[in-house]
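>
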Amino acid sequence: MRLPVKFYLIRPSGDNLKATKEAILRGLALAKEENKKLILVVSTFSQARDSSCLRGAIGVTAFAALNKNRRVMICSVDVHLMTTKSAAEIGLGFQGVVVFLWPQEKAIRAITSSIPKLKAVIALEWQPESLEDWRRDVNGTLITLE
Numbered sequence: 394m395r396l397p398v399k400f401y402l403i404r405p406s407g408d409n410l411k412a413t414k415e416a417i418l419r420g421l422a423l424a425k426e427e428n429k430k431l432i433l434v435v436s437t438f439s440q441a442r443d444s445s446c447l448r449g450a451i452g453v454t455a456f457a458a459l460n461k462n463r464r465v466m467i468c469s470v471d472v473h474l475m476t477t478k479s480a481a482e483i484g485l486g487f488q489g490v491v492v493f494l495w496p497q498e499k500a501i502r503a504i505t506s507s508i509p510k511l512k513a514v515i516a517l518e519w520q521p522e523s524l525e526d527w528r529r530d531v532n533g534t535l536i537t538l539e
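Note that the sequence shown covers residues 394 to 539 in our numbering.
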């Protein structure tokens, strides 16, 4: 019997670094618990490369490796960096955890519906309430950071 996908929406309240850390740490914990890979999804690779929040969340060394190789081990979890375009081509067999960093609702819906065996999806909202309809539709857990 297939277990349901866990959905989370991280809603920052001003501190984007704290919210980025929360999204990634939650993703790492879920991936480690399931012994699965973690995919960080961004709109473009330049968005990740230029992100001080991502650098602060994972540390300078992991940030450099992730941007150079698109892959790094963090806390014994195999972490991959992908764009929304490349993530849409992951395939039906992927069974890991996906963390969307600042996604648009259309992209998150398209990608999550094309990968039926996901263990968990975490979305980090950039604009307040921008992903609320998605969260309600998937019955996701809202995590509001103070």
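Cβ atoms here follow ideal geometry from the backbone N, Cα and C, with glycine treated the same way.
So Lys429 and Gln497 are in contact, right, with Cβ under 8 Å, and what is the actual spacing, rounded?
No, Lys429 and Gln497 are not in contact; Cβ-Cβ is about 25 Å, not under 8 Å.
> Quick one: is Ser439 buried, meaning 16 or more other Cβ sit within 10 Å of its Cβ, or exposed?
exposed
> Straight-line CA distance for Val434 to Val453?
19 Å
> Would you tell me roughly how many angstroms separate the C-alpha atoms of Met394 and Asn460, rounded to the nearest one?
Any reading at Met394 needs caution, since the residue's pLDDT is 40, under 50, leaving its predicted position unreliable; the model's value is listed next. The C-alpha of Met394 lies about 37 Å from the C-alpha of Asn460.
> If you reduce the DSSP assignment to three classes, tell me which class Ile417 lands in.
Ile417 carries a helical assignment under DSSP once its states are collapsed to helix, strand and coil.
> For Val490, which residues from the same chain have a beta carbon less than 8 Å from its beta carbon, with the 5 sequence-adjacent residues on both sides left out?
Gly420, Leu423, Ala424, Glu427, Lys429, Lys430, Leu431, Ile432, Leu511, Lys512, Ala513, Val514 and Ile515
> Could you tell me the distance, in whole angstroms, from the CA atom of Thr477 to the CA atom of Ile501?
8 Å
> Measure the C-alpha to C-alpha separation of Ser479 and Ile451 and round it to an integer number of angstroms.
22 Å
> If you draw a straight line from the alpha carbon of Asp443 to that of Asp471, how long is it in whole angstroms?
In a straight line, the C-alpha of Asp443 is about 22 Å away from that of Asp471.
> Do Pro517 and Leu494 have their C-beta atoms within less than 8 Å of each other?
The identity of residue 517 in the sequence shown is Leu, whereas the question assumes Pro. Yes. Within cutoff.
> How close, in whole Å, do the beta carbons of Arg448 and Phe456 come, if the pair is a contact with beta carbons under 8 Å?
4 Å
> Residues in the same chain with beta-carbon distance under 6 Å from Pro405, minus the five sequence neighbours each way, listed in chain order, please.
Annotation for Pro405: Ala412 and Leu538 place their beta carbon closer than 6 Å to its own, counting only its chain and skipping 5 residues before and after.
> Rounded to a whole number of angstroms, what is the C-alpha to C-alpha distance between Lys499 and Cys446?
23 Å
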